[in-house]
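Numbering-wise, the working numbering puts 269 at position 160 of the sequence shown, and it's gapless, one number per residue.
Here the structure is laid out as C-alpha cells; the discussion comes afterwards.
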Amino acid sequence: MGTKDNSEATTEKGSALVKQPKSYDEQVSLIEKKGFIVDDRDSCAIFLHKANYYRLSAYFLPFRKADGTYFQNVSFHRIQRIYEFDGRIRSLLFECIEEVELYLRSQLSYYSAHHHGALGYLEKDVFSERHDQKRFLELVNTCIEENKRTLVVQHHKEKYSGKFPIWVIVEFFSMGMLSYFYADLKTNEQKELAKELYGTTVACLKSWLRCITDLRNRCAHYSRLYYWSFPALPKMPESADFKANRKLFTQIMVIRFLYPEKDKWNANVLVELEAIIEEYRNDISLKHVGFPDNWVDLLKY
C-alpha cells in the first residue's frame with residue numbers, strides 16, 4: 110500500500126525494503142493501534158474499500174504529536190468526516206476554478222486576437238524578451254497532438270492547413286498554459302489586462318495565476334487540501350485586510366479575486382461554502398485550513 114504503517118517490510122536481493130499489503134481487517138487494526146477509536150470495525154473496513162489507506166493516512170497528520178505518536182481517544186468517525194469535508198470543499202473549488210479558467214481563455218484570446226491577429230500568438234515579437242519561443246511552440250504542438258482526434262483539430266488540419274487561430278487553440282490550453290501565456294506578454298500588455306480584467310497589478314495577477322494553477326492541479330488529482338501547506342504565497346492587493354499564508358483560506362481568497370461574477374460568488378459560492386463549514390463544524394478545525402474568525406466578511410463582495 111505504500112506507507113510504513115499498512116504493510117510489512119521485506120527485502121529482496123539488490124532492492125530496497127518493499128512493503129507487503131495488508132487486508133482491510135489488518136488496516137483497521139493499524140488504525141486502532143495508532144490510538145484512534147473505531148466504534149464499528151465493519152463500517153471502518155467498508156470505508157477503507159472506498160478510501161485507500163495510504164491516501165487516508167494523510168488525514169491522521171493533524172493528530173500526530175512531535176514524537177510521531179498520535180493523540181489518543183480521537184474517533185475514527187472524525188477522520189471520516191474530515192475526509193468527506195475535504196472532498197466537498199475540493200468539488201466546490203474545482204467548479205469555481207473552471208469558471209475562472211473559461212473566463213481567462215475567453216479574455217486572453219480576445220485580447221490577443223484583436224491586438225496581434227488570429228495567428229499573432231505564434232510570433233516571437235508578440236512576447237517579452239524572456240519568452241522562450243521554442244518551448245512555447247512545443248507546448249502548443251503538444252496541445253494539438255493530444256487533441257488530434259477531436260473534430261476541431263481535424264477540421265483545422267484539413268481546411269486550414271493546420272493553422273489554429275488563438276480563439277481555437279486556447280480551448281486546449283491548461284490553467285498553467287494560460288498563466289504562462291500571460292506572464293510572457295510584454296509589460297504594457299500585462300498591465301493593461303491586469304487593470305482591465307481585475308483592477309489589479311501585474312505582480313498580483315501573476316501571483317494569483319500561479320496559485321490557482323497549483324490549486325487546480327491538486328483539485329484535479331483529488332489531492333488533500335485540509336491541513337496542507339501550499340508552495341506559493343499569493344500577493345495580496347494593498348486594499349486587502351488580510352495577511353496571506355500558505356493555508357487553504359488564502360487560496361480561496363485568490364479564487365475570489367479571480368472569479369468573474371461577483372453576484373454569483375455571493376449568492377451561490379459563498380452560501381454553499383458556509384453550508385459546508387456549518388455541516389462539518391464539530392469535526393474540522395478552521396485553523397487547520399487557515400480560516401480567520403471573520404472569514405465570511407473577507408470573502409464577501
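Backbone N, C-alpha and C fix where the C-beta goes; we use that ideal spot for every residue, glycine too.
Since we're looking at a predicted model, the values are computed, not measured.
Q: Spell out the partners DSSP gives S184 in its beta bridges.
A: I146
Q) P401 and L408 look like a contact to me (Cβ under 8 Å); what is the Cβ gap, rounded to whole Å? A) About 10 Å; that fails the 8 Å criterion.
Q) Going along the chain, which unbroken runs of the alpha helix (DSSP H) with 4 or more residues stay wholly within the segment 335-372? A) 357-367
Q. Taking C-alpha atoms, which residue in Y307, E280, I393 lies nearest to S215?
A. E280
Q.
In the DSSP output, which residue or residues are listed as bridge partners for Q216?
A. Bridge partners of Q216: none, in fact.
Q) What span of residues does the alpha helix (DSSP H) with V470 cover, start to end? A) Within the shown structure, residues of the chain are numbered from 110 to 410, placing residue 470 beyond reach of any answer.
Q.
Starting from V262, trace the alpha helix (DSSP H) in both directions and tell me its first and last residue.
A. 260-268
(Q) Can you give me the C-alpha to C-alpha distance between D148 and L157, rounded to a whole angstrom? (A) 15 Å
Q: Report the residue from E387, G399, A312, N326 whose alpha carbon sits nearest the alpha carbon of E207.
A: N326
Q | Stretch-stretch touch, CB-based, cutoff 8 Å, three pairs: the segment 260-271 with the segment 292-299 | A | no
Q. Of the choices C320, R355, D350, whose alpha-carbon is the least far from that of V209?
A. C320
Q.
Going by DSSP, what residue range makes up the beta strand (DSSP E) through V127?
A. 127-129
Q: For the alpha helix (DSSP H) containing W404, list its first residue and its last residue.
A: 404-408
Q: Return the bridge partner residues of Y179 from the DSSP annotation.
A: R173
Q: Drop a sphere of 10 angstroms on the beta-carbon of T359, count the other beta-carbons inside from all chains shown, and report buried for 16 or more, exposed for fewer.
A: buried
**Q.** Buried versus exposed, by CB contacts within 10 Å (16 or more), G177
**A.** exposed
Q) Is it right to say R244 is buried, meaning 16 or more other beta carbons lie within 10 angstroms of its own, or is it exposed? A) exposed
Q | Paired residues, beta bridge with L294 - DSSP | A | F236
Q. For the putative contact between Y192 and G144, defined by C-beta atoms under 8 Å, what is the C-beta separation to the nearest angstrom?
A. 18 Å between Cβ atoms; not a contact.
Q | Three-state secondary structure assigned by DSSP to D392 | A | coil
Q) DSSP on S332, reduced to helix/strand/coil? A) coil
**Q.** Nonlocal neighbours in the same chain, by C-beta distance under 8 Å from V183, ignoring five residues either side
**A.** G144, F145, I146, F172
Q) Ordered along the chain, which non-local residues of its own chain (more than five positions away) have a Cβ less than 8 Å from that of F185? A) I140, F145, I146, V147, D148, C153
Q: Can you grab the Cα-Cα spacing for the pair D372 / L302, in whole Å?
A: 22 Å
Q | Per-residue DSSP class, three states only, for F156 | A | helix
Q: For E117, count neighbouring Cβ atoms within 10 angstroms of its own Cβ and tell me buried if that reaches 16, exposed if not.
A: Confidence at E117 is low in this model, with a pLDDT of 48, below 50, so its placement is unreliable and the value that follows should be read with caution. E117 comes out exposed.
**Q.** 7 Å CB neighbourhood of F351 in its chain, flanking five on each side removed
**A.** M345, M362, L407
Q) Got a sec? Which residues, its chain only, sit under 8 Å from D379 by beta carbon, not counting five neighbours each side? A) The question names Asp, yet the displayed sequence has Leu at residue 379. So the list reads V405, L408, K409, once near-sequence residues are dropped.
Q) Would you call the CB atoms of Y389 and R190 closer than 9 Å? A) yes
Q) Would a C-beta distance cut-off of 9 Å place L318 and L248 closer than the cut-off? A) no
Q) Going by the beta-carbon positions, is the gap between I413 and L314 smaller than 9 Å? A) The question about residue 413 has no answer, for the chain in this structure spans 110 to 410.
Q | Beta carbon proximity, V380 to chain C, threshold 9 Å | A | The chain labelled as chain C is not found in the depicted structure, where only one protein chain is given.
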